[in-house]
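A quick write-up on the structure given underneath.
In this note's numbering, the protein residues as written are 190 to 483.
The structure is reproduced here in structure tokens:
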């Protein structure tokens, strides 16, 4: 009799991290914060917990509801103000808005408490998940401003998607320095170009971002790729109302669908490149566990 396949066996052998999708402020420090939602929204990676919501399709998925302005999970734990005002704890947002009311910046004791509550558990769980020998890759998922902070002209427009592995524009670099092999990140880029052919020339590697702390740290154990999606893909009219900060749900679902199709193609092709262990057919996975994405 044919052995029954379990749902866990059918999940894609990936670890998804979405560290900047939250908007929440811990209740015990709300009185310290100078920001309102209109400040927190653009400082976070808006809607990424919807765009990359593949919790049911991959082996491991992690996100956070805590705002990036409070604890930045993509920074080293000792990357702190005043040496870096944009570190793991921040003095100001990416738009230079002060995070804390005057005289209410956290002291070292409060910083350590925030790290213990929100930062270390996130990274500890990722580290535990990476002991699974079935995993082939981690994807650290973000969005980026259409232009660098403080600029809004076409000549400074960022790419549609930036994939990063701490390498060069070809994904190459010293083996000990890059977070995943060049052929693997180039494979993922090609899969994305197939799903977004109109943006193919604007899907690039390691520019403007080389890869953050998550991919650099955890890429020492398994391959990690950082992905940055340009917010112009969904935070622009007609999909976005800048006054109400409302985003068109159908547009988010469309982006999720296209990204997931690229991820599926990536896993199929990576299997032929011998990056994947023996896995049941991904088409079986699609038919049984993700029929809505077909």
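Built from N, CA and C at the ideal position, the CB exists for glycine as well.
Of the candidates 279, 273 and 262, 262 places its Cα closest to the Cα of residue 309.
For residue 262, no alpha helix (DSSP H) segment is defined, and its DSSP state is neither H nor E. Between the beta-carbon of residue 248 and that of residue 316 there is about 15 Å, and that puts the pair past the 8 Å contact cut. Taken in chain order, the complete beta strand (DSSP E) segments of 3 residues or longer contained in the stretch 327–401 are 350–353 and 392–394.
Note on geometry: alpha-carbon atoms of residue 448 and residue 241 lie some 8 Å from one another. Beta-bridge partners of residue 419 (DSSP): 333. In this structure, the straight-line span from the alpha carbon of residue 229 to that of residue 258 is close to 7 Å.
In this structure the stretch 430–447 does not touch the stretch 360–376; the number of beta carbon pairs closer than 8 Å is below three.
Apart from sequence neighbours up to five positions away, the residues of its chain that approach residue 337 with a beta-carbon distance below 8 Å are 345, 347 and 397, ordered along the chain. Straight-line spacing of the CA atoms in residue 213 and residue 254 works out to 6 Å.
By the neighbour-count criterion, in which 16 or more other beta carbons inside 10 Å mark a residue as buried, residue 293 falls on the exposed side. For residue 299, there is no enclosing beta strand (DSSP E); the enclosing alpha helix (DSSP H) covers residues 297–303.
Under the 8 Å Cβ criterion, the stretch 281–291 does not count as touching the stretch 368–386, having fewer than three qualifying pairs. In its chain, beyond the 5 residues on either side, 412 have a beta carbon closer than 6 Å to the beta carbon of residue 373.
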